[in-house]
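K.L.:
Just passing along the structure, written as structure tokens.
Number of protein chains: 2
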Amino acid sequence: MHSEAPFNAEPPLDRLRASFVTAAQDFYVRSHGDIPKLDAATHRLRVCGRVDRPLDLSMADLQALAPQRTLGAVLQCAGNRRADLQPVKPTSGDPWAAGAIGYAHWTGVALHEVLRAAGAAASAHVAFDGADQVEMAGRRFRYGVSIGMPRALQDDVLLAWAMNGETLRPEHGHPLRVVVPFYAGVRSPKWLTTITVQDHPSDNHMQQQDYKLLPASVTEATVDWQAGLTINEMPLNAAICTPQAQARLAPGATTIRGYAIAGRRAVARVDVSADGGGSWVQAALRHDPETPGAWTFWATTLDLPQGEHELVARAWDEAGQTQPACAGDVWNFKGYLCAAWHRVPVSVR
Amino acid sequence: MHSEAPFNAEPPLDRLRASFVTAAQDFYVRSHGDIPKLDAATHRLRVCGRVDRPLDLSMADLQALAPQRTLGAVLQCAGNRRADLQPVKPTSGDPWAAGAIGYAHWTGVALHEVLRAAGAAASAHVAFDGADQVEMAGRRFRYGVSIGMPRALQDDVLLAWAMNGETLRPEHGHPLRVVVPFYAGVRSPKWLTTITVQDHPSDNHMQQQDYKLLPASVTEATVDWQAGLTINEMPLNAAICTPQAQARLAPGATTIRGYAIAGRRAVARVDVSADGGGSWVQAALRHDPETPGAWTFWATTLDLPQGEHELVARAWDEAGQTQPACAGDVWNFKGYLCAAWHRVPVSVR
Numbered sequence: 027m028h029s030e031a032p033f034n035a036e037p038p039l040d041r042l043r044a045s046f047v048t049a050a051q052d053f054y055v056r057s058h059g060d061i062p063k064l065d066a067a068t069h070r071l072r073v074c075g076r077v078d079r080p081l082d083l084s085m086a087d088l089q090a091l092a093p094q095r096t097l098g099a100v101l102q103c104a105g106n107r108r109a110d111l112q113p114v115k116p117t118s119g120d121p122w123a124a125g126a127i128g129y130a131h132w133t134g135v136a137l138h139e140v141l142r143a144a145g146a147a148a149s150a151h152v153a154f155d156g157a158d159q160v161e162m163a164g165r166r167f168r169y170g171v172s173i174g175m176p177r178a179l180q181d182d183v184l185l186a187w188a189m190n191g192e193t194l195r196p197e198h199g200h201p202l203r204v205v206v207p208f209y210a211g212v213r214s215p216k217w218l219t220t221i222t223v224q225d226h227p228s229d230n231h232m233q234q235q236d237y238k239l240l241p242a243s244v245t246e247a248t249v250d251w252q253a254g255l256t257i258n259e260m261p262l263n264a265a266i267c268t269p270q271a272q273a274r275l276a277p278g279a280t281t282i283r284g285y286a287i288a289g290r291r292a293v294a295r296v297d298v299s300a301d302g303g304g305s306w307v308q309a310a311l312r313h314d315p316e317t318p319g320a321w322t323f324w325a326t327t328l329d330l331p332q333g334e335h336e337l338v339a340r341a342w343d344e345a346g347q348t349q350p351a352c353a354g355d356v357w358n359f360k361g362y363l364c365a366a367w368h369r370v371p372v373s374v375r
Numbered sequence: 027m028h029s030e031a032p033f034n035a036e037p038p039l040d041r042l043r044a045s046f047v048t049a050a051q052d053f054y055v056r057s058h059g060d061i062p063k064l065d066a067a068t069h070r071l072r073v074c075g076r077v078d079r080p081l082d083l084s085m086a087d088l089q090a091l092a093p094q095r096t097l098g099a100v101l102q103c104a105g106n107r108r109a110d111l112q113p114v115k116p117t118s119g120d121p122w123a124a125g126a127i128g129y130a131h132w133t134g135v136a137l138h139e140v141l142r143a144a145g146a147a148a149s150a151h152v153a154f155d156g157a158d159q160v161e162m163a164g165r166r167f168r169y170g171v172s173i174g175m176p177r178a179l180q181d182d183v184l185l186a187w188a189m190n191g192e193t194l195r196p197e198h199g200h201p202l203r204v205v206v207p208f209y210a211g212v213r214s215p216k217w218l219t220t221i222t223v224q225d226h227p228s229d230n231h232m233q234q235q236d237y238k239l240l241p242a243s244v245t246e247a248t249v250d251w252q253a254g255l256t257i258n259e260m261p262l263n264a265a266i267c268t269p270q271a272q273a274r275l276a277p278g279a280t281t282i283r284g285y286a287i288a289g290r291r292a293v294a295r296v297d298v299s300a301d302g303g304g305s306w307v308q309a310a311l312r313h314d315p316e317t318p319g320a321w322t323f324w325a326t327t328l329d330l331p332q333g334e335h336e337l338v339a340r341a342w343d344e345a346g347q348t349q350p351a352c353a354g355d356v357w358n359f360k361g362y363l364c365a366a367w368h369r370v371p372v373s374v375r
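Residue numbers (this note's numbering), protein chains in the order written: chain A, 27 to 375; chain B, 27 to 375.
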């Protein structure tokens, strides 16, 4: 647990790696304010802005509006693996390990069906507001973000009320959340109350002055938020889940296990090193080829002699892309998108 | 020029960077055999294999078969920047600098229209044969490769007869070539004679035993080609075109110019360093947002004091992906997909 209020927590990595589908109780929670206590029986979703037919829907209305869909998708915090950046130089934000990620089956209706029912104009952006109240930068405001209309119209963007076949838990957005596969978790708001079709991105603090990628030379004091890259899709990444950092192991065969993720691309290869990247072996991969939004699990067994070892993992995607080696090469003051080689020191006695 | 027979050549990088659209005479040439001397008036294209209506088309037939299309696309050799890998350890293949790439406007018909006219079955692969004869591995055979059917059916895959508004030159595939945007040049055969719809990838040497990405530990002696990644899409890359390596410059303001490419993604940022990557500035970018197949040109002006400097460029794409720093991190014995930071030593006197 990184903080109690707002509630921010991630699972131990061995627990995360134990199941290809992440159980709701093991799924990381990133909140920006107190968890709203909402009642599905009285909850309303409003669809407004540049629409021909503004909607004000109960959960039952929404569920009757379009066919129910279930799809598998990873959600990952933009700050996943931030802890690996902090030895380079401190950053703002919680020091997430590699557990601010999870893979679940989400059930809901496609956002584009709701937009069509409302007669959305061919505007450029779809903004979402949550019921959660954020205190930040000396102000108190409701959480809000937006995505571009081309993404909003794709089949796989859901308004979801269930996770792994069960009603959403309060901390995961009960009774209704957005799920935007391949995008950083920030664009999948929980406790959804309002969808606004508009010509500009959300003017909410979360969209405008946070969750942007900035060069290493930029600081809190010098930041020009408009110059940052809005974080949507995320880079190629891999993490070692077992053994965990600082583990003490017996000499001999040790199985190294982890996950890898390549956005819309397939993970083509995962290399594992026991000598800090001096030499590598290729791990066995477990894909779900039917589900592009899933992650890849990998494992390999190495023979580790006595001594101190730096285990390292790196992935390659189907375009022959691989990861940068050093956290210093991707450091930024907000601590986002740490996708350098994952390094795990272990001791064999 | 890397070799005269087969003819393999790339332009000087300052010339490549001088024009956003690469002139035919400046466009790299990669041949695997002698350049065939073909006559457009008598050339035939056969479409066969798992089709309802095998076709045997003259160029006039082909041009009458579907609407003419022109699109902008980069073609890049899988061995572009191989020269940057060779200081790590020798590789096979020609030591291409960063000029085995170019951007042109291609005119032809969409492959999917031809496949539809032939009544192609829903097979998995589309194989192409060229008229060029390759001598390799002790055998002489016609050049052949294949692409997957899903890619073949996309709108932007062309059978092209013109480049930048002019009839294809012999070295660029006259009278007919394939253009598969975003894929390595190997999948865009020149001197096209035959299209075969089939259930398996091409069994040609070029598809099966070449143009695959293998781990650094694999050698010519130990290679298992089936375990390699077939090179189709290519990784994020950036190159400095001016000044060129070993340039002697006057102290003061120096403009650094180059290109960057991110496959189907947009180039979001290009960082330039004059101290080997210790500090970075952000270059100005020139995109063509209407043409996803185009590259990005970039430029920035640095004040260089007297001394020896290592200029470095690296790109970031819209998913926050950046490049690995060291050529050693991407080395492979075939010398493919060198996408490490581009480093250019210069001397300021």
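For glycine and all other residues, C-beta sits at the position ideal for the given N, C-alpha and C.
Output needed for A310 (chain A): all residues of its chain with C-beta closer than 7 Å, excluding positions within five of it in sequence on either side, in chain order.
P.N.:
On the first sequence, position 284 is the one that residue 310 (chain A) refers to. Here the set comprises W324, A325, T326.
K.L.:
Can you confirm whether G302 (chain A), when its beta carbon is compared against all beta carbons of chain B, has any partner nearer than 8 Å?
P.N.:
Residue 302 (chain A) sits at position 276 when you count from the first residue of the first sequence. No, its Cβ sits nowhere closer than 8 Å to a Cβ of chain B.
K.L.:
Write down every uninterrupted run of the beta strand (DSSP E) in the stretch 140-168 of chain A whose length is 3 residues or greater and which is fully enclosed by it, in chain order.
P.N.:
Here the runs fully enclosed are 151-162.
K.L.:
Apply the 10 Å Cβ neighbour rule to Q94 (chain A) and answer buried if 16 or more other Cβ atoms are within range, or exposed otherwise.
P.N.:
Locating residue 94 (chain A) in the first sequence gives position 68, where the first residue counts as 1. With fewer than 16 other Cβ atoms within 10 Å, it is exposed.
K.L.:
What residues from the stretch 215-249 of chain A come within 9 Å of chain B, judged by C-beta to C-beta, listed N to C?
P.N.:
Going along the stretch 215-249 of chain A in chain order, one finds L239, P241, A242, S243 with a Cβ nearer than 9 Å to chain B.
K.L.:
Do you know how far the Cα of H231 (chain B) is from the Cα of S29 (chain B)?
P.N.:
As a working mapping, residue 29 (chain B) is identified with position 3 in the second sequence. As a working mapping, residue 231 (chain B) is identified with position 205 in the second sequence. About 21 Å.
K.L.:
Please list the partners that S305 (chain A) has in chain B, where partner means a Cβ-to-Cβ separation under 8 Å.
P.N.:
As a first step, residue 305 (chain A) is located in the first sequence; it is residue number 279 there, counting from the start. Result: S243.
K.L.:
Could you tell me whether the Cβ of V298 (chain B) comes closer than 8 Å to any Cβ of chain A?
P.N.:
For the purposes of this step, residue 298 (chain B) is taken as the residue at position 272 of the second sequence. No, V298 (chain B) does not count as interfacial toward chain A.
K.L.:
Which residue comes first and which comes last in the beta strand (DSSP E) that contains L101 (chain A)?
P.N.:
Within the first sequence, numbered from 1, the residue matching residue 101 (chain A) stands at position 75. Taken as a continuous stretch (DSSP letters only), the beta strand (DSSP E) holding L101 (chain A) covers 95-102.
K.L.:
Could you give the distance in angstroms between the alpha-carbon of V374 (chain A) and the alpha-carbon of A271 (chain B)?
P.N.:
Your numbering for residue 374 (chain A) matches position 348 in the first sequence. Your numbering for residue 271 (chain B) matches position 245 in the second sequence. So the two alpha carbons sit approximately 46 Å from each other.
K.L.:
Which full runs of the beta strand (DSSP E) of 3+ residues lie inside the stretch 288-332 of chain B, going along the chain?
P.N.:
Runs of the beta strand (DSSP E) inside the stretch 288-332 of chain B: 293-299, 310-312, 322-330.
K.L.:
How is the alpha helix (DSSP H) around D87 (chain B) delimited, first residue to last?
P.N.:
Counting from 1 along the second sequence, the entry for residue 87 (chain B) is found at position 61. Looking at the DSSP string, the run of the alpha helix (DSSP H) that includes D87 (chain B) is 85-91.
K.L.:
Please report the Cβ distance between D78 (chain B) and G145 (chain B), rounded to the nearest whole angstrom; I am assuming they are in contact, meaning their Cβ atoms lie under 8 Å.
P.N.:
Position 52 of the second sequence, counted from the first residue, corresponds to residue 78 (chain B). Position 119 of the second sequence, counted from the first residue, corresponds to residue 145 (chain B). Rounded, the Cβ-Cβ distance is 3 Å, consistent with contact.
K.L.:
Please tell me whether T117 (chain A) has its Cβ less than 8 Å away from any Cβ of chain B.
P.N.:
Position 91 of the first sequence, counted from the first residue, corresponds to residue 117 (chain A). T117 (chain A) does not count as touching chain B.
K.L.:
Using the three-state DSSP reduction, which class does E30 (chain A) fall into: helix, strand or coil?
P.N.:
Working through the first sequence from its first residue, we reach residue 30 (chain A) at position 4. Three-state DSSP puts E30 (chain A) in coil, outside helix and strand.
K.L.:
Can you tell which of B:F167, B:T220, B:C267, B:A273 has the C-alpha that lies nearest to the C-alpha of P38 (chain B)?
P.N.:
Numbered from 1 along the second sequence, position 12 holds the residue referred to as residue 38 (chain B). Measuring from the Cα of P38 (chain B), the nearest candidate turns out to be B:C267.
K.L.:
For A3 (chain B), count the other beta carbons within 10 Å of its own beta carbon; 16 or more makes it buried, fewer makes it exposed. Which is it?
P.N.:
Outside the displayed range of chain B (27 to 375) lies residue 3 (chain B), so it cannot be described from this structure.
K.L.:
I'd like to know whether the C-beta of T133 (chain A) is nearer than 8 Å to at least one C-beta of chain B.
P.N.:
As a position in the first sequence, residue 133 (chain A) is number 107, starting the count at 1. Judged by the 8 Å Cβ criterion, T133 (chain A) is not in contact with chain B.
K.L.:
Which class does M175 (chain B) belong to by DSSP, given the choice of helix, strand or coil?
P.N.:
Residue numbering aside, residue 175 (chain B) sits at position 149 when the second sequence is read from its first letter. Correct three-state label for M175 (chain B): helix.
K.L.:
Within the 8 Å Cβ cut-off, does A35 (chain A) reach chain B?
P.N.:
By one-based count along the first sequence, residue 35 (chain A) stands at place 9. No, because no Cβ of chain B sits closer than 8 Å to the Cβ of A35 (chain A).
K.L.:
Can you tell me whether H335 (chain B) is buried or exposed, with buried defined as 16 or more other CB within 10 angstroms of its CB?
P.N.:
Position 309 of the second sequence holds residue 335 (chain B). Buried: at least 16 other Cβ atoms inside 10 Å.
K.L.:
When you compare each of B:P196, B:A276, B:L262, B:V293 to C364 (chain B) by their alpha carbons, which one comes out closest?
P.N.:
Along the second sequence, read from residue 1 onward, the residue named residue 364 (chain B) stands at position 338. Residue B:L262 is the option with its Cα nearest to C364 (chain B).
K.L.:
Is the CB-CB distance between A273 (chain A) and V372 (chain A) below 8 Å?
P.N.:
Walking along the first sequence from the start, residue 273 (chain A) turns up at place 247. Walking along the first sequence from the start, residue 372 (chain A) turns up at place 346. Contact: yes.
K.L.:
DSSP on P196 (chain B), reduced to helix/strand/coil?
P.N.:
Within the second sequence, numbered from 1, the residue matching residue 196 (chain B) stands at position 170. Reduced to three states, the DSSP call for P196 (chain B) is helix.
K.L.:
Does the structure place the stretch 163-171 of chain B close enough to the stretch 68-77 of chain B that three or more beta carbon pairs sit under 8 Å?
P.N.:
Verdict: no, contact absent.
K.L.:
Taking A31 (chain B) as the reference, which of B:T48, B:G59, B:D40 has the closest Cα?
P.N.:
Taking the second sequence and counting its residues from 1, one reaches residue 31 (chain B) at position 5. Measuring from the Cα of A31 (chain B), the nearest candidate turns out to be B:G59.
K.L.:
Counting beta carbon pairs with one atom in the stretch 218-226 of chain A and one in the stretch 141-155 of chain A, are three or more of them shorter than 8 Å?
P.N.:
Verdict: yes, contact present.
K.L.:
Do A130 (chain A) and N106 (chain A) have their CB atoms nearer than 8 Å?
P.N.:
Here residue 130 (chain A) refers to the residue found at position 104 when the first sequence is read from its first residue. Here residue 106 (chain A) refers to the residue found at position 80 when the first sequence is read from its first residue. No.
K.L.:
Would you say Q349 (chain A) lies against chain B (beta-carbon separation less than 8 Å)?
P.N.:
Counted from its first residue, the first sequence places residue 349 (chain A) at position 323. So, interface residue.
K.L.:
Relative to the alpha-carbon of R177 (chain B), which residue among B:W187, B:A188, B:F208, B:A104 has its alpha-carbon at the smallest distance?
P.N.:
Reading the second sequence from its first residue, position 151 is the one you call residue 177 (chain B). Answer by Cα proximity: B:F208.
K.L.:
For the alpha helix (DSSP H) holding Q234 (chain A), just list the boundary residues, first then last.
P.N.:
Counted from its first residue, the first sequence places residue 234 (chain A) at position 208. From DSSP, the alpha helix (DSSP H) with Q234 (chain A) extends over 231-234.
K.L.:
What residues in the stretch 265-292 of chain B bring their beta carbon closer than 7 Å to a beta carbon of chain A?
P.N.:
The residues in question are G289.
K.L.:
Quick one: grab the DSSP three-state call for D60 (chain B).
P.N.:
Against the second sequence, residue 60 (chain B) aligns to sequence position 34. It is coil, neither helix nor strand.
K.L.:
Assuming the contact rule is C-beta atoms closer than 8 Å, A157 (chain B) and W217 (chain B) should be a hit. Round their C-beta distance to whole Å, please.
P.N.:
Looking up residue 157 (chain B) in the second sequence gives position 131. Looking up residue 217 (chain B) in the second sequence gives position 191. So it is a contact: roughly 4 Å between Cβ atoms.
K.L.:
With C-beta atoms as the reference, is L240 (chain A) less than 8 Å away from L88 (chain A)?
P.N.:
Along the first sequence, read from residue 1 onward, the residue named residue 240 (chain A) stands at position 214. Along the first sequence, read from residue 1 onward, the residue named residue 88 (chain A) stands at position 62. Not in contact: L240 (chain A) and L88 (chain A) (Cβ atoms no closer than 8 Å).
K.L.:
Check distances from the C-beta atoms of the stretch 171-192 of chain A to those of chain B and list, in chain order, the residues that come in under 7 Å.
P.N.:
Cβ contacts with chain B: none found.
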